[in-house]
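Structure, as structure tokens:
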């Protein structure tokens, strides 16, 4: 087989023997790595789009509060004796976002940094809904102690709230 004037793998392998050859091999591997990095920058992968979409779909505190109030109103108004119902929920904190961390450990110390996406935003690991502090329920049957106790028990079980954070009162008119 006739050797061509251009690049030949066999010829390159022969030149890589010895101390000077190792230097050439390291330089060739470095050039190949830089070429791959350049190509990856020119043709980005759309994998990060799904993560940022999840972060954007997270509910805000006020939306969560309104949805919770509406669901409680519907549920309580269907209880026997409750009648027309209005519910108010108070939240202790806003929505809490926990970002993914990358831990690098050494012999004497470790360092944690946030995992960043291609667009520069941090990777969201968990989104915690706001903590409910208290619930006020106004209903037509709220004047009856038995109905008020059943509503208090229901709300306490649903939201894992102590009964002293739930107030049930008679609705006017």
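Numbering (the numbering used here), first residue to last: 95 to 267. In this text, a Cβ means the ideal position worked out from N, Cα and C, and glycines have one as well. From a predicted model like this one, the values you see are computed outputs, not experimental measurements.
Burial state of residue 176, where buried means 16 or more other Cβ atoms lie within 10 Å: Counting Cβ neighbours within 10 Å, residue 176 comes out buried, since at least 16 surround it.
Residue closest to residue 204, alpha-carbon to alpha-carbon, out of 195, 211, 210: 195
Residue 203, DSSP secondary structure in three states: Coil.
Backbone secondary structure at residue 161 - three-state DSSP: Correct three-state label for residue 161: helix.
Residue 182 (DSSP reduced to helix, strand or coil): strand
Meets three-Cβ-pair contact criterion under 8 Å: the region 231 to 246 and the region 206 to 217: no
Start-to-end residues for the beta strand (DSSP E) that takes in residue 232: 226 to 233
Whole-angstrom distance between residue 197 and residue 232, CA atom to CA atom: 50 Å
Beta-bridge pairing of residue 216 - partner residues as DSSP gives them: Its beta-bridge partners are 210.
Distance, residue 254 Cα to residue 224 Cα: 13 Å
Residue 168 to residue 161 span [Cα, whole Å]: 11 Å
Closest residue to residue 252 among 166, 102, 181 (Cα-Cα distance): Ranking 166, 102, 181 by Cα distance to residue 252 puts 166 first.
Cross-strand partners of residue 239 (DSSP beta bridge): Secondary-structure assignment with DSSP links residue 239 through no beta bridge to anything.
Cβ shell of residue 249 (< 6 Å), same chain only, five flanking positions each side left out: 229, 260
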